[in-house]
Amino acid sequence: MAGTESGSLPQQPYFLRAMYEWCVDSGYTPYLTVNVDARTSVPKAYVRDGRIVLNIGPNAVRNLQMDNDWVTFSARFGGTPHAIEVPVANVLAIHAKETGEGMAFVTPPTATDVSEPAQPDLRVMTNNDEGDDGGAPPSPNGGGKPRLRVVK
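Residue numbers (my numbering): 1290 to 1441.
Structure representation (structure tokens):
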């Protein structure tokens, strides 16, 4: 496993596991937003703009494993079982479906020296932060579709 310049382990898989546990312990449904590339094994029919959003809640998947390099599990899409394999580095965000709260993993542009993988810039997201909607307050009844926003 590759580390950073200081030799420490990447933080992303640890934050990913922590946010998953927080979602489940809070009674929320954890969703992953994933960048799909040649190393990612997902049903291609569900990929939009090079990304897929996956429900990884305990009622939706079987044999979920999240180690420092891969997120793997079995899930049904349209009634057909699929083995899902996602490199942790391809996870763009994890959020609670019900609230939109979660964490985005924004990977900086790669440098010309690719000897070490770029470390993601970790950002916490909430549904109450100002975003592209001009700072409109959330619906008083909590309705509406949660959305992901990067908090700067």
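Just so you know, even glycine gets a beta-carbon here, dropped at the ideal spot from N, CA and C.
How would you write the range of the alpha helix (DSSP H) that PRO1334 sits in, first residue to last?
Along the sequence shown, one-based indexing puts residue 1334 at 45. Rather than Pro, the amino acid found at residue 1334 in this sequence is Ala. No alpha helix (DSSP H) holds ALA1334; DSSP gives it neither H nor E.
Taking C-alpha atoms, which residue in ARG1328, ALA1349, ARG1337, GLY1389 lies nearest to VAL1377?
Translated into positions along the sequence shown, residue 1377 becomes position 88. Nearest of ARG1328, ALA1349, ARG1337, GLY1389 to VAL1377, Cα basis: ARG1328.
State the Cα-Cα distance for the pair PHE1366 and PRO1332, rounded to the nearest angstrom.
The sequence position of residue 1366 within the sequence shown is 77, counting from 1. The sequence position of residue 1332 within the sequence shown is 43, counting from 1. Going from the Cα of PHE1366 to the Cα of PRO1332 covers about 8 Å.
For the structure I just gave you, are there three or more beta carbon pairs, one from the region 1301–1308 and one from the region 1339–1351, closer than 8 Å?
As far as the Cβ criterion goes, the region 1301–1308 does not touch the region 1339–1351, which means the pair count is below three.
Apart from the five residues on each side of it in sequence, which residues of its chain come closer than 8 Å, Cβ to Cβ, to TYR1309?
Taking the first residue of the sequence shown as position 1, residue 1309 is located at position 20. The answer, listed in chain order, is PRO1319, ILE1345, MET1355, ILE1383.
Leaving out the 5 sequence neighbours to the left and right, which residues in its chain are closer than 7 Å to GLY1316 when beta-carbon positions are compared?
Numbered from 1 along the sequence shown, position 27 holds the residue referred to as residue 1316. Here the set comprises nothing.
State buried or exposed for ASN1357, treating a residue as buried only when at least 16 other CB atoms are found within 10 Å of its CB.
Numbered from its first residue, the sequence shown carries residue 1357 at position 68. Per the 10 Å Cβ criterion, exposed.
Do VAL1323 and VAL1336 have their beta-carbon atoms positioned less than 7 Å apart in this structure?
As a position in the sequence shown, residue 1336 is number 47, starting the count at 1. As a position in the sequence shown, residue 1323 is number 34, starting the count at 1. No, the pair does not count as a contact, with Cβ atoms beyond the cut-off.
Under a three-way DSSP split, which group does PHE1394 fall into?
By 1-based counting over the sequence shown, the position of residue 1394 is 105. In the structure shown, PHE1394 sits in a strand (DSSP, three-state: E or B).
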